[in-house]
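Residues 77 to 706, numbered by our numbering, are exactly what the sequence shown covers, in order.
All C-beta atoms, glycine included, are put in the ideal place defined by N, C-alpha and C.
One structure below.
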Amino acid sequence: MRPGSGKPEYLGKTNPFASVTVVTLRIQILPGDLADQIAAGEVVERPASVVKELVENAIDAGARRVDVDVADGGQSLIRVSDDGSGMERADALLSVQRHATSKLRSRDDLFAIHTLGFRGEALPSIASVSRFSLITRSEEFSIEPRAGTRITVDGGSPPVASDEGCAKGTRVEVRDLFYNVPARLKFLKSKATEGGHVASVCLRAALAHHELTIQLRRDGRLAQEFLRASDPMQRVQAVFADEKLATYEGSFEGARVLAALGAPERARSGSAQLHLYVNRRPVRDTALSRAISYAYGSVLPPGRYPFGVVYLEVDPSEVDVNVHPQKLEVRFARGRALLDALTRFLAKALGTSAFSGPASRGGSYWQARLSPAIAGPAATPGLGYLQPAAAAAISGGTTSTAGDPTDAADPWQLDGSRGAAGDRVSDAASPPLIGARGFFGSLRPLGQAQRMFLICEGHDALYVLDQHAADERVRFDSLRRAHLAREVRVQVLLFPERMECSEIEAQAVEDHHQELAALGLPCSRLGPTTVAIMGVPALLTRATPTRLLRDVLTELAHAGERAFSDAIDMALATMACHGAIRAGDALDPQEIAELLRSLDEVSDFQGHCPHGRPIVCTLPFRELEHRLGR
Numbered sequence: 077m078r079p080g081s082g083k084p085e086y087l088g089k090t091n092p093f094a095s096v097t098v099v100t101l102r103i104q105i106l107p108g109d110l111a112d113q114i115a116a117g118e119v120v121e122r123p124a125s126v127v128k129e130l131v132e133n134a135i136d137a138g139a140r141r142v143d144v145d146v147a148d149g150g151q152s153l154i155r156v157s158d159d160g161s162g163m164e165r166a167d168a169l170l171s172v173q174r175h176a177t178s179k180l181r182s183r184d185d186l187f188a189i190h191t192l193g194f195r196g197e198a199l200p201s202i203a204s205v206s207r208f209s210l211i212t213r214s215e216e217f218s219i220e221p222r223a224g225t226r227i228t229v230d231g232g233s234p235p236v237a238s239d240e241g242c243a244k245g246t247r248v249e250v251r252d253l254f255y256n257v258p259a260r261l262k263f264l265k266s267k268a269t270e271g272g273h274v275a276s277v278c279l280r281a282a283l284a285h286h287e288l289t290i291q292l293r294r295d296g297r298l299a300q301e302f303l304r305a306s307d308p309m310q311r312v313q314a315v316f317a318d319e320k321l322a323t324y325e326g327s328f329e330g331a332r333v334l335a336a337l338g339a340p341e342r343a344r345s346g347s348a349q350l351h352l353y354v355n356r357r358p359v360r361d362t363a364l365s366r367a368i369s370y371a372y373g374s375v376l377p378p379g380r381y382p383f384g385v386v387y388l389e390v391d392p393s394e395v396d397v398n399v400h401p402q403k404l405e406v407r408f409a410r411g412r413a414l415l416d417a418l419t420r421f422l423a424k425a426l427g428t429s430a431f432s433g434p435a436s437r438g439g440s441y442w443q444a445r446l447s448p449a450i451a452g453p454a455a456t457p458g459l460g461y462l463q464p465a466a467a468a469a470i471s472g473g474t475t476s477t478a479g480d481p482t483d484a485a486d487p488w489q490l491d492g493s494r495g496a497a498g499d500r501v502s503d504a505a506s507p508p509l510i511g512a513r514g515f516f517g518s519l520r521p522l523g524q525a526q527r528m529f530l531i532c533e534g535h536d537a538l539y540v541l542d543q544h545a546a547d548e549r550v551r552f553d554s555l556r557r558a559h560l561a562r563e564v565r566v567q568v569l570l571f572p573e574r575m576e577c578s579e580i581e582a583q584a585v586e587d588h589h590q591e592l593a594a595l596g597l598p599c600s601r602l603g604p605t606t607v608a609i610m611g612v613p614a615l616l617t618r619a620t621p622t623r624l625l626r627d628v629l630t631e632l633a634h635a636g637e638r639a640f641s642d643a644i645d646m647a648l649a650t651m652a653c654h655g656a657i658r659a660g661d662a663l664d665p666q667e668i669a670e671l672l673r674s675l676d677e678v679s680d681f682q683g684h685c686p687h688g689r690p691i692v693c694t695l696p697f698r699e700l701e702h703r704l705g706r
């Protein structure tokens, strides 16, 4: 009001609020059903995600048997039934509310998770995008022993409870998945593909819990059945009956590992067939997969991963499982130390030299391996695809990673002198196989096939060697010995060779020029993208200097954050490949004999070239006689 006027200023004005601006709020609280569907997008990616969550709930409930039924790849119907503890009505109603869980009580519990599920999001997220029903009965606490509870939720609507007669346990039915979110339907694949993902979920659960019986039916037909097993390795054997897997078990850095791994030539380009479990939880962990791959050393090329199953047990307080909505990834408190320790342990067990130094075979390695005068250990019936130590572990014995050098040298039984069940071929009347020359030197060369394979005669079989792989292994061993002794001989180039490369590669040369010189590749950086090569290893004079350096730098780049020294074996393997005999090279008898003698001098012969391909295969004379009707 004006001073002294006694009445407000706006009196007499037509619209006293004409200058007031109405503000519309831009931030709003999402409706509950929309928030549930957004949460479902994180937890429920496809039908297999639903099956995973429901099976894990059944396991946490103490189930001994889980039956999974799906129709149309899980889009029309997903039914998961278990014989676990079940729930009372009040608990069943709470189970479909967001953030409701029986597995956490305090903040401290979050940092020591012992269960598979704990977020309290699975059931409400699933119910928000499907026609959902849950039937359950708890035998221990039910006032009426035969009374059960049915909870029905239609697309996130409020839950409706009713009485239902049922057996002890829980049955969850999910129908018409994503019926109210049609945009999600277009991201689903074919029924066969989605059904395959469901089968993978059941397989991973079966591998993680050997004491559990799991049955999967697809469109009314039995697709998978995993019967209860006595221990993890028996379950692995049952699931992968056609694979040759060697088992290793041990402890390190406060952790325990149990692994069943395949031979290098069975490695895959991705890690999908390397099944990883941390505290019995299936995980996809790139760092953990690489740590296992590194353990194979140079026999496994970068980007390839072995076939097998690895169980890792650590203190729950040392691992964070709450880093992924679907709980598929984990984070270790001492990740680098733990993974390096795992790599070193497996490398020692496998007999590779990646992080543990050359594996000692002793002078009688091949004598013990192939001598017909020594009988091998009896094989466990039904476990012929495993090494004797692994079979002993599965049948109740203990696995030894440093026992009989014969078994450690050939954990996957790849040499042809063993029978189908792991026994060595025995013939007491045969003369001693190996004299002073060593096994390979005692073979009689018969010739060269397609300028690629060396055909040799032994006392019990024909031996076929890949000439490139054999020479590559010999050169790799020579290079590694020389490098360890810092005695790599260098062939100095008359004129340094210039190489144009990326700035990253040029910087790598500048940073590691001393290590490269120790490898026999003296070089220096001339400019931002120019490198000069002054020499190559004398053993590899046939190699092109620029290509050799490029490939070595590529191998070193695969080491990532690991030390330069950890990638040396891969670099040496690449160098050996460049200088080795090629397919198509003609060899005279003297060259073949020299190559065979050189193989006897290899310190840690594994039957594979440095990049994982087998060197030798056998064709027993007995098999030839059988095939030719003699």
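By DSSP, does residue i sit in helix, in strand, or in coil?
| i | result |
| --- | --- |
| residue 409 | coil |
| residue 667 | helix |
| residue 104 | coil |
| residue 602 | strand |
| residue 340 | helix |
| residue 226 | strand |
| residue 579 | helix |
| residue 623 | helix |
| residue 596 | coil |
| residue 164 | coil |
| residue 132 | helix |
| residue 653 | helix |
| residue 703 | helix |
| residue 693 | strand |
| residue 173 | coil |
| residue 686 | coil |
| residue 311 | helix |
| residue 197 | coil |
| residue 543 | helix |
| residue 349 | coil |
Just the Cα atoms here: how many angstroms apart are residue i and residue j?
| i | j | result |
| --- | --- | --- |
| residue 146 | residue 271 | 8 Å |
| residue 585 | residue 283 | 46 Å |
| residue 379 | residue 427 | 21 Å |
| residue 162 | residue 209 | 14 Å |
| residue 707 | residue 698 | This structure gives no information on residue 707, because the portion of the chain shown stretches from 77 to 706. |
| residue 239 | residue 164 | 11 Å |
| residue 575 | residue 557 | 28 Å |
| residue 373 | residue 647 | 11 Å |
| residue 414 | residue 333 | 11 Å |
| residue 352 | residue 280 | 9 Å |
| residue 207 | residue 328 | 48 Å |
| residue 295 | residue 123 | 14 Å |
| residue 325 | residue 335 | 6 Å |
| residue 348 | residue 418 | 20 Å |
| residue 425 | residue 371 | 9 Å |
To the nearest whole angstrom, what separates the beta carbons of residue i and residue j, a pair I think is in contact under 8 Å?
| i | j | result |
| --- | --- | --- |
| residue 275 | residue 169 | Not a contact, Cβ separation roughly 33 Å. |
| residue 550 | residue 613 | Actually they do not touch by this definition, with Cβ atoms about 14 Å apart. |
| residue 133 | residue 205 | Wrong, their Cβ atoms sit about 17 Å apart, outside the cutoff. |
| residue 213 | residue 224 | 4 Å |
| residue 420 | residue 394 | With a Cβ gap of about 18 Å, residue 420 and residue 394 do not count as contacting. |
| residue 609 | residue 573 | 5 Å |
| residue 564 | residue 530 | So it is not a contact: roughly 28 Å between Cβ atoms. |
Are residue i and residue j touching if we call contact CB-CB under 8 Å?
| i | j | result |
| --- | --- | --- |
| residue 653 | residue 548 | yes |
| residue 375 | residue 553 | no |
| residue 202 | residue 129 | yes |
| residue 172 | residue 103 | no |
| residue 343 | residue 383 | yes |
| residue 158 | residue 245 | yes |
| residue 655 | residue 623 | no |
| residue 659 | residue 544 | yes |
| residue 406 | residue 354 | yes |
| residue 386 | residue 331 | no |
| residue 197 | residue 277 | no |
| residue 126 | residue 150 | yes |
| residue 368 | residue 422 | yes |
| residue 555 | residue 611 | no |
| residue 154 | residue 250 | yes |
Open item on the list: Please give me, in chain order, every unbroken run of the beta strand (DSSP E) with length at least 3 that falls completely inside the segment 280-307.
Closed with: 289-294 and 297-302
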